[in-house]
Amino acid sequence: MSSVTSISSVSNNVRQRVTPEEWEVRVKLAAAYRLAALYKWTDHIYTHFSARVPGPEEHFLINAFGLLFDEISASNLVKVDLDGTIVDDPTGLGINYAGYVIHSAIHGARHDLQAVLHTHTRDGIAVSAQKDGLLPISQHSIGFSGRVAYHGYEGVALDLDERERLVADLGDKSVMILRNHGLLTAGVSVEHAFQQLQQLERACNIQVAAQAAGNAELIFPPREVVEKVEQQAKVFASGEGPGVARHWNALIRQLERSDIDYKN
47 MSSVTSISSV SNNVRQRVTP EEWEVRVKLA AAYRLAALYK WTDHIYTHFS
97 ARVPGPEEHF LINAFGLLFD EISASNLVKV DLDGTIVDDP TGLGINYAGY
147 VIHSAIHGAR HDLQAVLHTH TRDGIAVSAQ KDGLLPISQH SIGFSGRVAY
197 HGYEGVALDL DERERLVADL GDKSVMILRN HGLLTAGVSV EHAFQQLQQL
247 ERACNIQVAA QAAGNAELIF PPREVVEKVE QQAKVFASGE GPGVARHWNA
297 LIRQLERSDI DYKN
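The sequence shown begins at 47 in our numbering and counts up one residue at a time.
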């Protein structure tokens with residue numbers, strides 16, 4: 047496909063040939079892409095959000111390589127298996143192999159996680175390049191205390207064997223900072239992964255802003271306060287409770303004030 051016009055004309059038969067459960071995931075994942083564009087978390091046509099397709103086939107959905115985040119819709123997402131075989135590609139654009147390597151690693155190893163979101167934002171990369179990583183200096187960042195994994199930079203993710211090291215570094219966590227690279231969150235649903243990403247992006251924004259003050263000394267809360275917040279954040283971390291749905295519904299209301307095409 048060579049133009050936005052041709053992209054937008056992808057047949058609606060995609061909805062007709064997938065299950066209602068898959069269509070629901072497609073709509074939510076497309077909304078996540080559009081929200082990322084709204085919040086300016088994009089890196090042109092690079093970085094990826096993915097979601098597991100309901101069912102036993104071990105398929106996941108990811109963006110077509112070449113589309114901007116604000117062009118992603120439910121019907122133009124690409125379906126791929128864990129081996130990298132494209133199952134369904136309505137646009138014919140294929141996928142970015144580096145995105146496949148990272149996302150297939152997590153979908154293949156962590157069946158408890160349904161969605162994986164990865165960004166290359168300025169502040170996210172800035173924090174990823176700092177030796178001490180995410181600092182417990184704000185309510186936003188303290189909520190991630192003890193929950194952030196780190197993976198060292200190995201170059202553009204084109205080597206399949208990196209998947210083993212990435213999964214080993216992630217362990218049982220669902221939030222990862224990729225050193226010199228960016229941020230990654232995963233969740234029990236698209237909604238949960240996005241809520242975590244929004245919180246993590248904000249924590250990085252705050253950290254970079256606080257450090258920009260130069261010689262101003264940063265205040266680190268006492269360890270007992272950090273531990274208290276860790277306990278308070280457990281429901282947020284698990285994706286349980288009504289908070290995730292409440293947060294997501296507000297996001298969708300915000301998005302749909304200007305954009306409803308994601309559902310096509």
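Just so you know, even glycine gets a beta-carbon here, dropped at the ideal spot from N, CA and C. Note that the structure is predicted; figures quoted are calculated from it, not measured.
Below 8 Å on the Cβ atoms is my contact criterion, and I expect residue i with residue j to pass it. Report the Cβ-Cβ distance as a whole number of Å.
i, j, result
"residue 233", "residue 167", "That pair is no contact at about 18 Å."
"residue 162", "residue 203", "At roughly 13 Å, the Cβ-Cβ gap does not stay under 8 Å, so residue 162 and residue 203 are not in contact."
"residue 254", "residue 173", "7 Å"
"residue 139", "residue 181", "Their Cβ separation, rounded to whole angstroms, is 39 Å, which puts residue 139 and residue 181 out of contact at 8 Å."
"residue 79", "residue 109", "7 Å"
"residue 83", "residue 115", "4 Å"
Here's the rule I'm using: 16 or more other beta-carbon atoms within 10 Å means buried, otherwise exposed. How should residue i be labelled?
i, result
"residue 271", "exposed"
"residue 95", "buried"
"residue 188", "buried"
"residue 331", "This structure cannot speak to residue 331, because the chain is shown only from 47 to 310."
"residue 281", "exposed"
"residue 265", "exposed"
"residue 160", "buried"
"residue 206", "exposed"
"residue 97", "buried"
Go through its chain and collect everything with a Cβ distance to residue i's Cβ below 8 Å, but skip five positions before and after it.
i, result
"residue 247", "85, 87, 165, 167, 169, 170, 229"
"residue 195", "215, 216, 217, 219, 221, 222, 223"
"residue 69", "61, 120"
So the candidates are the options; which of them puts its Cα closest to the Cα of residue i?
i, options, result
"residue 21", "260, 223, 125", "Given that the chain is displayed from residue 47 to residue 310, the structure contains no residue 21 and the question cannot be resolved."
"residue 127", "151, 120, 136", "151"
"residue 294", "309, 235, 268", "235"
"residue 62", "242, 111, 136", "136"
"residue 175", "191, 157, 206, 225", "225"
"residue 244", "192, 285, 186", "186"
"residue 296", "237, 278, 279, 260", "237"
"residue 104", "91, 157, 123", "157"
"residue 119", "209, 73, 263, 197", "73"
"residue 99", "59, 90, 111, 153", "153"
"residue 197", "286, 69, 184, 213", "213"
Considering only DSSP beta bridges, list what residue i is partnered with.
i, result
"residue 229", "165, 223"
"residue 107", "97, 125"
"residue 89", "92"
"residue 194", "221"
Consider the Cβ of residue i: report whether some Cβ of chain C lies at a distance smaller than 7 Å.
i, result
"residue 191", "Of the chains in the structure shown, none is chain C; there is only one protein chain."
Note down, in chain order, each residue of its chain lying with its Cβ closer than 6 Å to the Cβ of residue i, except the 5 sequence neighbours on either side.
i, result
"residue 130", "146"
"residue 305", "80"
"residue 241", "290, 293"
"residue 192", "276"
Looking only at its own chain, which residues have a Cβ that is under 7 Å from the Cβ of residue i, when we skip the five neighbours before and after it?
i, result
"residue 279", "189"
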